[in-house]
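Written out below as structure tokens is the structure these notes cover.
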Amino acid sequence: MSTPLVVSIPHRLGREEACRRLKVGLTKAASNLPVLKVDEERWEGDRMMFRVRAMGQAASGHVDVADDHVTVEVTLPWLLQRFAEVAQAAIKSRGSLLLTKKS
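Quick look at the structure:
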């Protein structure tokens, strides 16, 4: 089993507003990346579990929403491990944009 990729993204929105933005954000972000497809997105309280597919490989993880930050944890399959740094930067960048942009 590979080591999970963990990204923490600070925000000043409060838990409720961060959840609201994230509920529309994953599918919208994936639609901007033609190589990424969302297979599953399920919310349980302040945690979203997800499964995405890229280049024929499935990756799963979860997003935990806190009052002042969001933590994204995703386990990449072996074939996608080489893209871990790129994925980490993309998650941080898009997540920050989603959680700081006025909406």
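Just so we're aligned, residue 122 is where the sequence shown starts under this note's numbering, counting upward by one.
All C-beta atoms, glycine included, are put in the ideal place defined by N, C-alpha and C.
Counting only the same chain and skipping the five closest in sequence on each side, list residues whose C-beta sits under 6 Å from that of H132.
A139, L220
Nearest neighbour of R215, chosen from L134, L154, E165 [CA to CA]
L154
Expressed to the nearest angstrom, what Euclidean distance is found between the alpha-carbon atoms of S152 and K158?
8 Å
Less than 7 Å between C-beta atoms, sequence neighbours within five positions excluded: which residues of the same chain meet that for S217?
I130
Where do the N-terminal and C-terminal ends of the alpha helix (DSSP H) with A187 fall, by residue?
Neither: A187 is in no alpha helix (DSSP H) and is coded neither H nor E.
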